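*Asks:*
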Amino acid sequence: METGAAMETISMMGSPRNSKEMFLPNCMNGVKEGNKSTIGIIGSGDFAKCLSLRLLRCGYHVVVGSRSPKRAAEFFPHVVDVTHHEDAVAKANILFVSIHREHYASFWDLKHLLVGKILVDVSNNTRMNQYPESNAEYLASLFPDSFVVKGFNVISAWAMQSGPKDASRQVYICSNLVEARHQVLEVARQLNFIPVDLGTLSSAREIENIPLQLFTLWKGPVLVSVSLSILFFIYSFIRDIIHPYVKNQQSNFYKIPIEIVNKTLPIVAITLLSLVYLAGLLAAAHQIYYGTKYRHFPHWLDGWLQCRKQLGLLSVFFASVHVLYSICLPMRRSERYLFLNMAFQQVHANVDNSWNEEEVWRVEMYISFGIMSLGLLSLLAVTSIPSVNSALNWREFSFIQSTLGYVALLITTFHVLIYGWKRAFDQEYYKFYMPPNFVIALVLPVTVIVGKIVLLLPCMSGRLRRIRRGWENSQYRSEVSGAASQVSPERITIM
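As numbered in my numbering, residues -13 to 481 make up the sequence shown, in order.
1. Which one or two residues does DSSP pair with cysteine 160 in a beta bridge?
2. I'd like to confirm the pairing. Which residues does DSSP put opposite leucine 105 in its beta bridges?
3. Short of 7 Å in beta carbon distance, which residues of its chain neighbour alanine 59, apart from the five on each side in sequence? Order them along the chain.
4. Quick one, are the C-beta atoms of alanine 427 and proline 252 less than 8 Å apart?
5. Among residues of its own chain, excluding the 5 on either side of serine 370, which ones have a beta-carbon nearer than 6 Å to its beta-carbon?
6. Looking at C-alpha atoms only, which residue of Ala143, Glu245, Leu267 is the closest neighbour of leucine 310?
7. With the cut-off set at 8 Å, would you say phenylalanine 93 and histidine 64 are in Cβ contact?
8. Can you confirm whether the segment 219 to 228 touches the segment 172 to 190 when touching is taken to mean that 3 or more C-beta pairs between the two stretches lie within less than 8 Å?
9. In whole angstroms, what separates the C-alpha of threonine 24 from that of isoleucine 141?
10. Check each candidate in Asp131, Asp73, Leu41, Asp412 and name the one with the smallest Cα separation from serine 54.
11. Helix, strand or coil: how does DSSP classify valine 337 here?
12. Taking the beta strand (DSSP E) that histidine 47 belongs to, which residues open and close that run?
13. On the DSSP bridge assignment, give the partners of valine 68 in chain order.
14. If you check the beta carbons only, do valine 170 and valine 106 fall under 8 Å apart?
15. For the segment 416 to 434 against the segment 235 to 242, do three or more pairs of beta-carbon atoms, one drawn from each stretch, fall closer than 8 Å, so that the two count as touching?
16. So within the segment 407 to 459, which uninterrupted alpha helix (DSSP H) runs reach at least 4 residues, ignoring any that extend past its ends?
17. Output yes or no for whether 8 Å exceeds the beta carbon distance between histidine 401 and tyrosine 352.
18. Pick from Ala265, Val302, Ser301, Leu297: whose alpha carbon is nearest that of proline 284?
19. Please check the pair leucine 100 and valine 75, which I expect to be a contact at CB under 8 Å, by giving their CB distance rounded to whole angstroms.
20. Rounded to whole angstroms, what's the CA-CA distance from leucine 10 to histidine 86? Just pull it up for me.
21. When the Cα atoms are used, what is the spatial distance from leucine 81 to threonine 202?
22. Over what stretch of residues does the beta strand (DSSP E) that includes aspartate 183 continue unbroken?
23. Please classify isoleucine 274: does DSSP put it in a helix, a strand, or coil?
24. Tell me where the beta strand (DSSP E) around methionine 24 begins and ends.
25. Taking the alpha carbon of isoleucine 227 as the reference point, which residue from Val212, Lys249, Leu214 has its own alpha carbon closest?
26. Straight-line CA distance for lysine 417 to valine 247?
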């Protein structure tokens, strides 16, 4: 009977209350219709204050339960009913529990008043998987006669007060009771958030870990970028600093802050850009080899595919910094001294005109291709922004990220090729038998471009197109059917 009464209470909660319009101080839209149900908030901290403002602006009546209601009332609008916990629990059927986990047990005396109430747990922990069970599951164990919903913990107090933005509109919600979950989902919609239903309360641990994640998809790309930077910096240091010192006792250590760093940046940028598209080539090769798109990628390749956006953005970052360093090269005092020395040597040698047509064309084309590649990389970076991405359909996004991405890689490769010109075949540039930097930089992009050309061949592109439309070769189908025949009927029933 108690369960039936609780279910009836939940079904009746959505009925609006007839009330007049009210003016809210500091509200976003001025006047709102206050015709929605009453929502309670347990706690009077920053999140509770911002949540009460958001609820008021959307027409809800708000009651706040506090240990010190007289003191807490000073920080809430006058239309908010700030009272003791007992009164707040009695006046609302949906209660936002805006307190820390360690204070849950303090409401044990109110257990009889919380029967049939919806408790929305908005708490977070200080580290991932801090407790054996999630905060929401712990709250549900303390109050088994209440309906606990996990949600709104991924929204900061600032986002709650200033209004949802593109990057902070999603609200993840889960609960064991479908009716309670749907009611909280509707509240999230009324607050102009985008609710995401994650099912039962077993997902609460995953939801609570979301705010604690620190650049999860960035760790791998950043580690790769740092490793490549250190590797190529040491490589350039040995060639351009150690070699002249060992051979000719020439000190070029002044080149470390600018020139050596500037030689490292473009190699890392083009390598990261190549890694973005190399992952796609390996995925296509995997599908062609097994003759199906339904076979899972290896774990390492799946993770690689998921962090391509981060690799691309880091490539744009290194390329942009390389441009800034290159612009600053003529400003160095060492460059001025070298320019004066060259002018003096030209006068001393009685050279009237040092014009070199081939070198002029090389530098002009080198700079032109560099500008074009940076422009295309910037376009790729802009279209990866969620607000811009959402304005594109899939064909437009694929054209920019795939087609124009390969064009950017091709132009960047030409940029490096023109920079190297004939020096790749000059033995003088192989110091300690180590090839020049631009030769190392060309290895991966040339490999990716050749691989893409192979996939564009009619025999390969046609097969790949059929596979991505669902075609499977007979060998894979026989393997799948053979594996399915070995599964017992009991296993199939359980699954």
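Just so it is clear, CB atoms sit at the ideal spot from N, CA and C, and this is done for glycine as well. Everything numeric in this text was worked out from a predicted model, so none of it was measured.
*Replies:* With the structure as the only source:
1. Numbered from its first residue, the sequence shown carries residue 160 at position 174. Its beta-bridge partners are Lys136.
2. Mapped onto the sequence shown, residue 105 falls at position 119. In DSSP, leucine 105 forms a bridge with Leu81, Val134.
3. Counted from its first residue, the sequence shown places residue 59 at position 73. Once the five neighbours on either side are set aside, the close Cβ partners of alanine 59 are Val68.
4. In the sequence shown, residue 427 corresponds to position 441, counting from 1. In the sequence shown, residue 252 corresponds to position 266, counting from 1. Yes.
5. Translated into the one-based positions of the sequence shown, residue 370 becomes position 384. Only Lys295 meet the Cβ criterion.
6. As a working mapping, residue 310 is identified with position 324 in the sequence shown. Minimum Cα distance to leucine 310 is reached at Glu245.
7. Position 107 of the sequence shown, counted from the start, is the residue given in the question as residue 93. Position 78 of the sequence shown, counted from the start, is the residue given in the question as residue 64. Taking 8 Å as the Cβ cut-off, phenylalanine 93 and histidine 64 do not qualify as a contacting pair.
8. no
9. Along the sequence shown, one-based indexing puts residue 24 at 38. Along the sequence shown, one-based indexing puts residue 141 at 155. Across the structure, threonine 24 and isoleucine 141 are spaced so that their CA atoms are roughly 21 Å apart.
10. Within the sequence shown, numbered from 1, the residue matching residue 54 stands at position 68. Nearest of Asp131, Asp73, Leu41, Asp412 to serine 54, Cα basis: Asp73.
11. Here residue 337 corresponds to residue number 351 of the sequence shown, with the count starting at 1. Residue state, collapsed to three classes: coil.
12. Counting from 1 along the sequence shown, the entry for residue 47 is found at position 61. Element bounds for histidine 47: 47 to 51.
13. Position 82 of the sequence shown, counting from 1, holds the residue named residue 68. Per DSSP, Val50.
14. Position 184 of the sequence shown, counted from the start, is the residue given in the question as residue 170. Position 120 of the sequence shown, counted from the start, is the residue given in the question as residue 106. In this structure, valine 106 lies closer than 8 Å to valine 170 by Cβ.
15. Under the 8 Å Cβ criterion, the segment 416 to 434 does not count as touching the segment 235 to 242, having fewer than three qualifying pairs.
16. The qualifying runs are 423 to 442, 444 to 454.
17. In the sequence shown, the residue the question calls residue 401 occupies position 415. In the sequence shown, the residue the question calls residue 352 occupies position 366. Cβ atoms of histidine 401 and tyrosine 352: closer than 8 Å.
18. The residue given as residue 284 occupies position 298 in the sequence shown. Closest by alpha carbon: Ala265.
19. By 1-based counting over the sequence shown, the position of residue 100 is 114. By 1-based counting over the sequence shown, the position of residue 75 is 89. Contact flag correct, Cβ pair sits at about 6 Å.
20. Translated into the one-based positions of the sequence shown, residue 10 becomes position 24. Translated into the one-based positions of the sequence shown, residue 86 becomes position 100. Its pLDDT being 36, under 50, leucine 10 is placed unreliably in this model, and the value from its coordinates should be taken loosely. Distance between the alpha carbons of leucine 10 and histidine 86: 29 Å.
21. On the sequence shown, residue 81 is found 95 positions in, with the first residue counted as 1. On the sequence shown, residue 202 is found 216 positions in, with the first residue counted as 1. Their Cα atoms are separated by approximately 32 Å.
22. In the sequence shown, residue 183 corresponds to position 197, counting from 1. Per DSSP, aspartate 183 belongs to the beta strand (DSSP E) from 180 to 183.
23. One-based indexing of the sequence shown puts residue 274 at position 288. Assignment of isoleucine 274 by DSSP, reduced to helix, strand and coil, places it in the helix class.
24. Start at 1 with the first residue of the sequence shown, and residue 24 comes out as number 38. With the sequence shown as reference, residue 24 is identified as threonine, and methionine is not the correct amino acid for it. Where threonine 24 is concerned, the enclosing beta strand (DSSP E) stretches over 24 to 28.
25. In the sequence shown, the residue the question calls residue 227 occupies position 241. In terms of CA proximity to isoleucine 227, Lys249 leads the group Val212, Lys249, Leu214.
26. Within the sequence shown, numbered from 1, the residue matching residue 417 stands at position 431. Within the sequence shown, numbered from 1, the residue matching residue 247 stands at position 261. Rounded to the nearest angstrom, the two C-alpha atoms are 19 Å apart.
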